[in-house]
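To keep things clear, I will list the structure first and then write my remarks on it.
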Amino acid sequence: MLASRRLEIFVTASIVVLDQITKAMIRPMLALHESQEVIPGLLDLTRVHNTGAAFGLLNAAEFPFKAVVMSLVACIALAGVAWYAATVPLSDRLARIGIAGVLGGAIGNLIDRAGTGYVLDFVDIYWGTWHFWAFNVADAAISIGVVFMILDILGIGRRSASNPV
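For the sequence shown, position 84 (counting from the first letter as 1) is numbered 84 according to this note's numbering, and the numbering increases by one without interruption.
Quick look at the structure:
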């Protein structure tokens, strides 16, 4: 079981480090709203400052102490994920890895928000004139982690008692 915990810590820490490294690379490379084409017609690097929540929700909203409020919301969400993690058995590996992804992503974005008041997003996926919301490594880890947790809740990927391998 100790190996499982080490894996979770490794996944969480790796996501935080990769997220912060990629953001550190983007900062000097692109000015705000500047884009660099990576795959024509599909992928650009575009620097965006997200002062809101996931997928740019509340980004345009302005209210007093917005950065503090958004940081508090992120801390409450982190506490909720930590509580959920405490209830998930170590044997539910898919859920545990999902939780590690969510925690790593949340910590990565919280570091941004606490330091600058915004989260740096830069992955810009599009098709024609349709653009998905800009995101970063932390956002991707959170999304994948949530999918893993949902799959576990649905019983997909769980080891049965009759087939523990």
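Note that CB positions come from ideal geometry on N, CA and C, so glycine has one too. Quick caveat, the model's predicted, so the values are computed rather than measured.
1) Taking three-plus beta-carbon pairs below 8 Å as touching, is the region 83–100 in contact with the region 115–127?
2) So the candidates are P28, L45, M29; which of them puts its Cα closest to the Cα of Q36?
3) Could you tell me the alpha carbon to alpha carbon distance between R113 and V88, rounded to whole angstroms?
4) Got a sec? Which residues, its chain only, sit under 7 Å from A134 by beta carbon, not counting five neighbours each side?
5) Nearest-angstrom Cα distance between L2 and E34?
6) Compute the Euclidean distance between the alpha carbons of L42 and W127, then round it to the nearest angstrom.
7) Could you give the distance in angstroms between the alpha-carbon of G105 and the alpha-carbon of T51?
8) Give the DSSP-derived three-state secondary structure of I156 in the structure shown.
9) Taking the alpha helix (DSSP H) that V17 belongs to, which residues open and close that run?
10) H49 bridges to which residues according to DSSP?
11) Spatial neighbours of P40 within its chain, please: C-beta separation below 7 Å, excluding the five flanking residues on both sides.
12) Taking the CB atoms as reference points, tell me whether L90 and R5 lie closer together than 9 Å.
Checking against the coordinates, here is how it stands:
1) no
2) The residue you call residue 36 lines up with position 36 of the sequence shown. Cα-wise, what sits closest to Q36 is L45.
3) Along the sequence shown, one-based indexing puts residue 113 at 113. Along the sequence shown, one-based indexing puts residue 88 at 88. Straight-line spacing of the CA atoms in R113 and V88 works out to 29 Å.
4) Position 134 of the sequence shown holds residue 134. If we look at A134 and ignore the five residues flanking it on each side, its Cβ neighbours are T46, V48, D121, F122, V123, D124.
5) For the purposes of this step, residue 2 is taken as residue 2 along the sequence shown, with counting starting at 1. For the purposes of this step, residue 34 is taken as residue 34 along the sequence shown, with counting starting at 1. Those two C-alpha atoms are separated by around 45 Å.
6) Residue 42 sits at position 42 when you count from the first residue of the sequence shown. Residue 127 sits at position 127 when you count from the first residue of the sequence shown. About 6 Å.
7) Here residue 105 corresponds to residue number 105 of the sequence shown, with the count starting at 1. Here residue 51 corresponds to residue number 51 of the sequence shown, with the count starting at 1. Within the model, the alpha-carbon separation for G105 versus T51 is close to 16 Å.
8) Translated into positions along the sequence shown, residue 156 becomes position 156. Coil.
9) Along the sequence shown, one-based indexing puts residue 17 at 17. Segment 2–29, the alpha helix (DSSP H) holding V17.
10) As a working note, residue 49 is residue 49 in the sequence shown. According to DSSP, H49 bridges with L120.
11) As a first step, residue 40 is located in the sequence shown; it is residue number 40 there, counting from the start. Excluding sequence neighbours, P40 sits near nothing in its chain.
12) Position 90 of the sequence shown holds residue 90. Position 5 of the sequence shown holds residue 5. Taking 9 Å as the Cβ cut-off, L90 and R5 qualify as a contacting pair.
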